[in-house]
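> Each protein sequence line maps, in turn, to chains A and B. Numbering-wise (my numbering), the first sequence opens with residue 1 and increments by one. Numbering-wise (my numbering), the second sequence opens with residue 1 and increments by one.
Number of protein chains: 2
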Amino acid sequence: MKNKKLFKPLLIMVVMMGFCIHTRAQQNKLVVRMARLVIDSAQLDAYRAALQEHAETAVRVEPGVLNLYAVYEKNDPTQVTVFEIYASEEAYKSHLRSAHFIKYKTATRQMVKSLELIETVPIALATKMPHSNG
Amino acid sequence: MKNKKLFKPLLIMVVMMGFCIHTRAQQNKLVVRMARLVIDSAQLDAYRAALQEHAETAVRVEPGVLNLYAVYEKNDPTQVTVFEIYASEEAYKSHLRSAHFIKYKTATRQMVKSLELIETVPIALATKMPHSNG
Numbered sequence: 001m002k003n004k005k006l007f008k009p010l011l012i013m014v015v016m017m018g019f020c021i022h023t024r025a026q027q028n029k030l031v032v033r034m035a036r037l038v039i040d041s042a043q044l045d046a047y048r049a050a051l052q053e054h055a056e057t058a059v060r061v062e063p064g065v066l067n068l069y070a071v072y073e074k075n076d077p078t079q080v081t082v083f084e085i086y087a088s089e090e091a092y093k094s095h096l097r098s099a100h101f102i103k104y105k106t107a108t109r110q111m112v113k114s115l116e117l118i119e120t121v122p123i124a125l126a127t128k129m130p131h132s133n134g
Numbered sequence: 001m002k003n004k005k006l007f008k009p010l011l012i013m014v015v016m017m018g019f020c021i022h023t024r025a026q027q028n029k030l031v032v033r034m035a036r037l038v039i040d041s042a043q044l045d046a047y048r049a050a051l052q053e054h055a056e057t058a059v060r061v062e063p064g065v066l067n068l069y070a071v072y073e074k075n076d077p078t079q080v081t082v083f084e085i086y087a088s089e090e091a092y093k094s095h096l097r098s099a100h101f102i103k104y105k106t107a108t109r110q111m112v113k114s115l116e117l118i119e120t121v122p123i124a125l126a127t128k129m130p131h132s133n134g
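This is the structure:
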C-alpha cells in the first residue's frame with residue numbers, strides 16, 4: 001500500500017527530470033553563428049529586400065531555423081550582421097541545402113562585396129521577443 | 001435590419017485594424033543595437049559569468065528589455081558580441097539606469113579592454129526561439 005502511494009509522485013518526478021534533461025540537451029545542441037557582410041552601396045535596397053524575404057521564409061518553413069536577426073549599421077549601411085540560431089548542426093546543414101537559401105545566395109551574389117562567417121559560443125540567449133517571421 | 005447585420009463584422013474589422021496599427025507602431029519603436037567587446041584573456045570566465053547574470057536579470061525584470069543575446073567567437077574567445085533589442089528609446093535609457101546594469105558595468109570595468117556600441121536598423125527580426133532568461 002505504501003509503495004502504491006509513492007508511485008504517482010515518483011512517476012511525476014521521473015517525467016520532470018526527463019523533461020529537464022531533454023531541454024538541456026536541446027540547448028546544448030544549438031548552433032549559434034554570425035555572418036558579417038559588406039554590401040555594394042548601389043544595391044542596398046535590393047539586398048535588404050532579398051535578405052528580409054530569405055530570413056522570414058527560413059524561420060517560417062524550416063523547423064530547425066530558430067532565429068535569423070539581420071541588421072545594418074546606422075553609421076554605415078553597407079555593414080550588415082546576421083545573428084543565426086539553429087536547433088542543431090543537421091538543421092544548419094539542411095538550411096544550406098534549402099531552395100530558398102540557394103535562391104537568396106544566387107540573387108545576391110553580385111551585391112555582396114565580402115562575407116565573414118563566424119562560429120560562436122553562447123554566453124546568454126535571453127529573450128522574450130514575440131515570435132515572428134518579420 | 002441590414003445595418004444591424006453588418007455591425008458585428010465591421011466591429012471585428014475595426015478592432016483588427018487597430019491591432020495591426022498598434023503592432024506596427026510597437027515594431028517601429030524598437031531599438032536594436034549591438035555591442036562589440038574585447039575582453040582581457042585572463043578574465044574570460046569571470047566576465048562571461050557577469051554578463052550571463054546581467055543579461056538574464058535584465059530580460060527577466062525589465063519589461064522593455066526584449067532580447068539580450070551574448071556570444072563569444074570560437075576562434076577568438078576574447079571577442080564578444082551582444083545583440084540587444086529594447087521596446088523603445090525610453091526602455092533603453094531606463095535599462096542604463098538600472099541597478100543590475102550599474103552593478104555589471106562596475107564589476108567588469110577592469111575586464112573589458114575595448115567596447116564599441118553600434119546603433120542598427122533591423123532588416124529582419126525573424127524568431128521562434130523559446131522565451132528564456134538563459
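Yeah, the Cβ is synthetic: ideal placement off N, Cα and C, and Gly gets one too. No experiment lies behind these values; they were computed from the predicted model shown.
#1: For chain B, find out if any of its Cβ atoms is closer than 9 Å to the Cβ of T81/A; answer yes or no.
#2: Based on DSSP bridge pairs, tell me the residues matched to Q110/A.
#3: With a CB to CB cut of under 7 Å and the five nearest residues on each side skipped, what residues in its chain are close to L68/B?
#4: For Q52/A, count neighbouring Cβ atoms within 10 angstroms of its own Cβ and tell me buried if that reaches 16, exposed if not.
#5: Which residues, in chain order, does the segment 102-127 of chain B contribute to contact with chain A at a C-beta distance below 7 Å?
#6: I'd like to know whether the C-beta of H100/A is nearer than 9 Å to at least one C-beta of chain B.
#7: Please state if the CB of S98/A and the CB of E62/A are separated by a distance shorter than 9 Å.
#8: Starting from the beta carbon of A46/A, find every residue of chain B whose beta carbon is closer than 8 Å, and list them in chain order.
#9: By the criterion of Cβ-Cβ separation under 9 Å, what are the contact partners of A70/B in chain A?
#10: If L117/B sits next to A87/B, beta carbons under 8 Å apart, how far is it from one beta carbon to the other, in whole angstroms?
#11: Are the C-beta of K93/A and some C-beta of chain B separated by less than 9 Å?
#12: Shorter than 9 Å from the beta carbon of I123/B to some beta carbon of chain C?
#13: Cutting at 6 Å between CB atoms, please list the residues of its own chain near V15/B, excluding the five before and the five after it.
#14: Tell me the DSSP secondary structure of E62/B in three-state form.
Answer, in terms of the structure:
#1: yes
#2: DSSP output for Q110/A lists no bridge partner at all.
#3: A55, A58, V59, V82, E84
#4: buried
#5: I118, E119, T120, V121, P122, I123, A124, L125, A126, T127
#6: no
#7: yes
#8: By Cβ distance, chain B contributes nothing, its closest Cβ being about 12 Å from A46/A, past 8 Å.
#9: P122, I123, A124, L125, A126
#10: With 8 Å as the limit, L117/B and A87/B do not qualify as a contact, their Cβ atoms being about 19 Å apart.
#11: no
#12: Checking the listed chains, one finds no chain C in this structure; the protein chains it contains are A and B.
#13: none
#14: coil
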